[in-house]
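Since the structure comes first, as structure tokens, the remarks are kept for the end.
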Amino acid sequence: MIIDSHVHIFSSQIIANVSAKSEMVKELHLQTSDAHKRIGTNALEDECHAAGAVACLMLPTAKAQDVRKVNVSSQKIAEENDFLYTAGTLHPDYPETREELFWLKSNGINTIKLCSFSQGFALNSPKTLRMFDAIRDFNMNEDGRFFVIMDTFYKADIYFGTDPRNNTSPSGLGNLVRHYPEINFIGAHMGGLTAPFDEICDYLPRSENFYMDTSNAAHTLQEEEFVRLVRRHGPGHILFGTDWPWFGYADEITLIDKLLGHAGFGDEEKARVFAGNIADLLGTH
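Residues in the sequence shown are numbered from 3 upward in steps of one, following the numbering used here.
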């Protein structure tokens, strides 16, 4: 069984805007020519099912004023497509975090996606820490079981012109993992997309509440680096993700399966990566 823990439903305009950043596309090896055909839930369902994937986790984000609107629309999309799960999102400037957590929980959502560079906040700001305090307290007192997926594009400021203080770096993410043991964190893209490999290793040690997803990372890390991270964190803390629409299913499944084999993972361990770990976090078992 395969569950993709990292997909996006992007508009054609977003795909065009990203595709126009030729240097970034080259560095990240994004499959922009195919991405133009990967728009909407029908395209996603057709491609993932053709490759043997049974479900996908959609990862929306929003500015503070749009948090509820995006969460409602994402929940509706997931409700209308039985192969889709969705994350919700939050923002440090959103004034009703606790109420939003109750709303998400009541609608069967226990995933929070954050992208600090595009949402415009620093990981160490007081407002951000208050948001994580609220998630922690909800997990402890309301049986929230919320886990947080963090985008980790190290060079976001270079390619998008955003404030470098708003990047999610390995050191910033590592601080959150240590300070909030009550929250499970997933570092997208193996913890640091285009980050120096030594920073990923130094600041993101193996931890009970830390996971990595494979999205994009097999195209930006050296093979030996990817395998080293997989071995270090172990089969119980790696999640398969494609970053669709930027990468397709058939080739990505084959590539990750090969790399897991190079790491010495057997069939049972691969099954954890391809589906079991995200199923446990989502509570679908």
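Even for Gly, the Cβ is constructed at its ideal location relative to N, Cα and C.
Taking only the alpha-carbon atoms, compute the straight-line gap between glutamine 121 and leucine 231 and give it to the nearest angstrom.
28 Å
Asparagine 19, buried or exposed, once every other Cβ within 10 Å from all chains shown has been counted against 16:
exposed
Give the DSSP-derived three-state secondary structure of tyrosine 213 in the structure shown.
strand
Measuring alpha carbon to alpha carbon, tell me which of Pro62, Gly266, Ile240 ends up nearest histidine 191.
Ile240
In terms of DSSP beta bridges, what is aspartate 84 paired with?
As DSSP reads the structure, aspartate 84 sits in no beta bridge.
Own chain residues within Cβ distance below 6 Å of asparagine 109, not counting five before or after
Gln77
My parser needs the beta strand (DSSP E) runs of 3 or more residues fully inside the stretch 69-116; what are they?
Fully enclosed beta strand (DSSP E) runs of 3 or longer: 86-88, 113-116.
Let me know if glutamate 254 comes out buried or exposed under the rule of 16 or more other beta-carbons within 10 Å of its beta-carbon.
buried
Quick one: residues in its chain with C-beta nearer than 7 Å to the C-beta of glutamate 29, no 5 flanking neighbours on either side, listed in chain order?
Thr196
Endpoints, beta strand (DSSP E) assigned at serine 173:
Segment 172-181 is the alpha helix (DSSP H) holding serine 173; no beta strand (DSSP E) there.
Secondary structure, alpha helix (DSSP H): runs of 4+ residues fully inside the stretch 193-254:
199-205, 219-222, 225-235
Relative to the C-alpha of glycine 236, which residue among His221, Ser217, Pro207, Phe104 is closest?
Pro207
Residues bridged to leucine 59 by DSSP?
In the DSSP output, where bridge partners are listed per residue, leucine 59 has Tyr87.
Can you give me the Cβ contacts of glycine 23 inside the same chain, cut-off strictly under 6 Å, excluding the 5 residues immediately before and after it?
First, the amino acid is wrong: residue 23 is lysine here, not glycine. When the five nearest sequence neighbours on each side are left out, the beta carbons in the same chain lying within less than 6 Å of the beta carbon of lysine 23 are those of Tyr161, in order along the chain.
Start and end residues, beta strand (DSSP E) containing methionine 152:
149-152
Confirm, please, whether the CB-CB distance from isoleucine 5 to alanine 281 is below 8 Å.
Taking 8 Å as the Cβ cut-off, alanine 281 and isoleucine 5 qualify as a contacting pair.
Tell me the residue span of the beta strand (DSSP E) that contains aspartate 6.
Run containing aspartate 6: 4-9, per the beta strand (DSSP E) assignment.
If you reduce the DSSP assignment to three classes, tell me which class glycine 189 lands in.
strand
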